[in-house]
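Q: Per our numbering, the very first residue in the sequence shown carries number 8; after that it's consecutive. Glycine included, every Cβ here is placed at the ideal spot set by N, Cα and C. Computed from a prediction, not measured in an experiment: that's the story for all the values here.
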Amino acid sequence: MVLKPKAIFLDMDGTILNRYNKVSVATKEIIDDLRTQGIFVFIATGRAFDEIEELVPEGFKVDGCITSNGMAGYVEGEAVFKHSLSLELVKTIIKKARKTKVYYELFPYDAQRMTLKQDKQYVEEEIRDPKPDSVEINEWLSRKNALKEEIAWKDHVEGSEFSKFYFFARTKEHINKWKDELNELKKEIDFTTSTSSNHNVEVMVANVNKATGIKQMLNHFGVAADEILAIGDSNNDLPMFQFVSHAVAMKNAPASIQEIVDDVTEFTCDEDGVYHYLSQFRLQKPNQEMTTSKKDNK
């Protein structure tokens, strides 16, 4: 891969977001600089599109956003591709979630995320203080904020197009039990699951992930699928890492992630790791070769 990539895909949580769920001005500025140089820069996140604006600084711009782990792609605020969970699957999963008493958020397209009123008591109970030690502060703050401001409590499921389910449990045992139930359900109904921490799991349409989203976004812009760089930190980034030509893990990523990528950032998400890593691409000659990758050394 050449030192100057054609396109860069950036995860959000644990990558461009710090532990308090904010993107720094420095990160915004390096993205602006690279786009000025003709490099495409995209977001590739598990978050829904309407979550992004409140997390980024004023004037933050990218060429496009892949959201909900590849379920949708947006350019200048307009959807350029979109997949939707079936209403049948949504209702089936909610019934099962209720039996297991697992925290959930359902994300409709073009509407506020929802949870059913009849599940409110046990959902709120999962986010009671104190925060469990094994839950990362960024995920805990996101759940606190969701309960306070983001969730619409509904009497029944509203809408017909849904981007994803998000599930959370305060103990690993609880979420692992729920993952087992989802795996059993996959034998009856086809869908995909993905995780971004040890305490969550998300449900998307079958065979959809960040890599499929990247393919669709590159097709939209007519960009060849080579000389592509991606930065991330968790399991839901694995399909993306496997697809791109240069995969980069954050310093704060688990060892299991760092071991399979081409490079690791020198700094964490709390130390502007993405800003520092991308700074090497400023004003570089397009044909200059990138330093030898970790994969090449194995």
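Could you check what DSSP says for Pro139 in three-state terms: helix, strand or coil?
A: coil
Q: For a quick check, are the C-beta atoms of Tyr27 and Ile100 less than 9 Å apart?
A: With respect to the 9 Å criterion, Tyr27 and Ile100 are not classified as neighbours on the basis of their beta carbons.
Q: Check this for me: beta carbons of Phe67 and Lys35, under 9 Å apart or not?
A: yes
Q: Quick check on DSSP: helix, strand or coil for Pro261?
A: coil
Q: Could you pull the start and end residues of the beta strand (DSSP E) that Val48 belongs to?
A: 47-51
Q: Please work out which residues of its chain come closer than 8 Å, Cβ to Cβ, to Leu148, disregarding the five sequence neighbours upstream and downstream, and give them in chain order.
A: Tyr27, Asn28
Q: In this structure, does DSSP put Gly80 in helix, strand or coil?
A: strand
Q: Relative to the C-alpha of Ser167, which candidate in Lys11, Lys155, Phe114 has its C-alpha closest?
A: Phe114
Q: If you measure between the beta carbons of Ile38 and Ala14, is that distance less than 9 Å?
A: Result no, Cβ atoms of Ile38 and Ala14 do not sit closer than 9 Å.
Q: Using a 10 Å radius around the Cβ and a threshold of 16 neighbouring Cβ atoms, would you call Lys171 buried or exposed?
A: buried
Q: Within its chain, find whatever has a CB closer than 8 Å to the CB of Ala153; leave out the 5 residues flanking it on each side and keep chain order.
A: Glu112, Arg120
Q: Identify the continuous beta strand (DSSP E) that holds Ala282 and give its terminal residues.
A: Reading off the sequence, residue 282 comes out as Tyr, not Ala. Where Tyr282 is concerned, there is no enclosing beta strand (DSSP E), although the alpha helix (DSSP H) it sits in stretches over 280-285.
Q: If you run the structure through DSSP and keep just helix, strand and coil, what is His206?
A: coil
Q: Note down, in chain order, each residue of its chain lying with its Cβ closer than 6 Å to the Cβ of Thr199, except the 5 sequence neighbours on either side.
A: Residues Met211, Ala213, Val215 of the same chain have their beta carbon placed closer than 6 Å to that of Thr199, with the five preceding and five following residues left out of the count.
Q: What are the uninterrupted segments assigned as beta strand (DSSP E) that are 3 or more residues long and contained completely in the region 88-156, given in chain order?
A: 110-115, 121-123
Q: Taking the continuous alpha helix (DSSP H) assigned at Lys35, which residues delimit it?
A: 32-43
Q: How is the alpha helix (DSSP H) around Phe288 delimited, first residue to last?
A: Premise fails: Phe288 is in no alpha helix (DSSP H) and is neither H nor E.
Q: Once DSSP output is grouped into helix, strand and coil, what is the label at Asp270?
A: strand
Q: Could you pull out every residue in the same chain whose Cβ sits closer than 6 Å to the Cβ of Val32, ignoring the five residues on either side in sequence?
A: Result list for Val32: Pro64, in chain order.
Q: Near Ala218, which residues of its chain fall below 6 Å by C-beta distance, leaving aside the five closest residues on each side in sequence?
A: Once the five neighbours on either side are set aside, the close Cβ partners of Ala218 are Pro246, Met247, Phe250.
Q: Using three-state DSSP, classify Ile158 as helix, strand or coil.
A: DSSP places Ile158 in coil when its eight states are reduced to three.
Q: Compute the beta-carbon to beta-carbon distance between Leu41 and Phe288, rounded to the nearest angstrom, for a pair I have assumed lies under 8 Å.
A: 6 Å
Q: Leaving out five residues on either side along the sequence, give the residues of the same chain with a beta carbon under 7 Å from the beta carbon of His181.
A: Val109
Q: Exposed or buried, Asp240, counting other C-beta atoms within 10 Å across all chains shown (16 or more means buried)?
A: buried
Q: Is it buried or exposed for Thr74, if we count other Cβ within 10 angstroms and need 16 for buried?
A: Residue environment: Thr74 is assigned as buried (16 or more neighbouring CB atoms within 10 Å of its CB, all protein chains considered).
Q: For Thr275, does the three-state DSSP call read helix, strand or coil?
A: In the structure shown, Thr275 sits in coil (DSSP, three-state: anything other than H, G, I, E or B).
Q: Using 10 angstroms around the beta-carbon of Arg135, count the other beta-carbons present and answer buried if the total reaches 16, otherwise exposed.
A: By the 10 Å Cβ count, Arg135 comes out exposed.
Q: Would the beta-carbon of Leu123 fall within 9 Å of that of Lys161?
A: yes
Q: Quick check: His206 and Pro139, are their CB atoms within less than 9 Å of each other?
A: yes
Q: Take Asn310 as the anchor and find which of Gln265, Phe16, Asn259, Ser91 has the nearest alpha-carbon.
A: Residue 310 falls outside the range modelled here, since the chain spans only 8 to 305, and no answer is possible.
Q: Taking just the CA atoms, how far does Lys89 sit from Leu17?
A: 19 Å
Q: Please report the straight-line C-alpha distance between Asp20 and Tyr284, rounded to a whole angstrom.
A: In a straight line, the C-alpha of Asp20 is about 17 Å away from that of Tyr284.
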